[in-house]
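Novice: Let me begin by handing over the structure; questions about it come next.
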Ligand SMILES: [Zn+2]
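In my numbering, the protein residues as written are 12 to 356.
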């Protein structure tokens with residue numbers, strides 16, 4: 012079980028980089044990964060603090076995260092020989108740091124500049140264009156430094172996506188429990204409760220989040236980090252990724268012009284909750300309140316793509332048993348589900 016040793020959340024926490032470096036006994040050479048925009052926003056400051064702490068610092072810009080990018084990055088790491096990696100940016104940057112540091116057996120520190128999904132603290136990463144359209148195991152960050160002042164500068168849509176990813180744990184946990192009952196799969200009550208509590212807290216604090224209160228952002232950040240920890244405890248993405256995530260992955264395959272991960276998972280959660288005969292209306296209401304998409308049109312995908320994605324979802328990951336595997340829905344049943352929940356009209 013890998014868990015972060017330090018989690019620092021709040022306004023201006025970038026200033027605490029030297030303190031974290033000192034406490035964790037980090038010395039030698041650091042490699043900062045960031046995209047050019049996030050480097051200006053935060054990476055530069057992080058590098059400056061690292062240099063002031065006596066470390067020598069290299070910087071590599073990250074644009075995309077394909078299998079080829081990972082290989083290039085790994086050979087650059089072998090050449091530069093850093094003792095630690097810092098991922099300063101959004102999902103692509105953090106995932107790059109996570110995968111490349113993991114394979115090279117060096118620790119990494121996560122400094123998120125957006126909160127669009129739960130990857131900021133999880134040990135899992137997604138690689139684009141790989142044969143697996145879902146996340147793979149990498150390593151958990153040694154520390155997370157989340158500066159709410161930096162994060163609040165990101166477009167609002169990122170925050171909404173993060174909320175969608177968290178709310179989708181309502182059905183992810185149901186699927187995990189179902190797999191335990193039907194297939195005798197390992198089920199960890201603690202990890203499941205942690206994921207579920209995050210979904211509940213974001214739901215309860217939706218108003219604070221919508222009004223863009225610092226307190227709301229903090230709830231969302233803590234929820235995203237708790238979900239990352241839940242995955243570390245479970246040793247897989249199970250507590251945080253069920254049928255609603257499979258729907259989102261399927262939509263990514265069908266429609267390359269897809270919406271954000273958390274936005275799609277939110278819609279997937281409505282569909283899955285309906286199939287569970289659970290309170291899908293409540294989930295839809297919270298997503299609407301947050302300004303998250305709740306229809307195909309709001310996701311900017313065709314009605315037919317939603318139906319196709321629901322049909323494809325179970326097939327892309329047969330070993331991850333969910334309600335979709337149990338029900339084995341026909342195309343007609345998928346369409347009926349999408350229509351009944353108002354996702355297509
Ligand atoms: Zn997710």
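Don't be surprised by glycine CBs; every beta carbon is placed ideally from N, CA and C.
#1: Mark residue 192 as exposed unless 16 or more other C-beta atoms lie within 10 angstroms of its C-beta, in which case mark it buried.
#2: Mapping the DSSP letters down to three states, classify residue 130 as helix, strand or coil.
#3: Does residue 46 come out as helix, strand or coil in the three-state DSSP assignment?
#4: Taking residue 29 as the reference, give the member of 46, 57, 23 and 128 with the closest Cα.
#5: Alpha carbon to alpha carbon, how far is residue 229 from residue 202?
#6: Using 8 angstroms as the threshold, is the region 96 to 105 in touch with the region 39 to 50, meaning 3 or more CB pairs across them?
#7: Where does residue 148 fall in DSSP's three states?
#8: Would you identify the three-state DSSP class for residue 77, choosing helix, strand or coil?
#9: Work out the CA separation of residue 290 and residue 122 for me, nearest whole Å.
#10: My output table needs one value for residue 98: the three-state DSSP class, helix, strand or coil.
#11: DSSP state of residue 89, grouped into three classes?
#12: Tell me residue 20's beta-bridge partners as DSSP assigns them.
#13: To the nearest angstrom, how far is the alpha carbon of residue 190 from that of residue 161?
#14: Do residue 312 and residue 235 have their beta-carbon atoms positioned less than 8 angstroms apart in this structure?
#15: Any residue with its Cβ nearer than 7 angstroms to a heavy atom of ligand 1 should be included. What is that list in chain order?
Specialist: Per the coordinate set shown:
#1: Per the 10 Å Cβ criterion, exposed.
#2: Looking at residue 130 - three-state DSSP - the assignment turns out to be helix.
#3: If DSSP states are grouped into helix, strand and coil, residue 46 belongs with coil.
#4: Comparing Cα positions, the closest option is 57.
#5: Their Cα atoms are separated by approximately 21 angstroms.
#6: The region 96 to 105 vs the region 39 to 50: in contact.
#7: Under the three-state reduction of DSSP, residue 148 is assigned to strand.
#8: In the structure shown, residue 77 adopts extended strand secondary structure according to DSSP, grouped into three states.
#9: Between residue 122 and residue 290, the C-alpha separation is close to 35 angstroms.
#10: If DSSP states are grouped into helix, strand and coil, residue 98 belongs with the strands.
#11: In the three-state reduction of the DSSP assignment, residue 89 falls in the helix class, which pools H, G and I.
#12: Answer is 157.
#13: In a straight line, the C-alpha of residue 190 is about 40 angstroms away from that of residue 161.
#14: No, the Cβ-Cβ distance between residue 235 and residue 312 is not below 8 angstroms.
#15: Output, sorted by chain position: 128, 129, 176, 179, 251, 252, 256, 272, 273 and 276.
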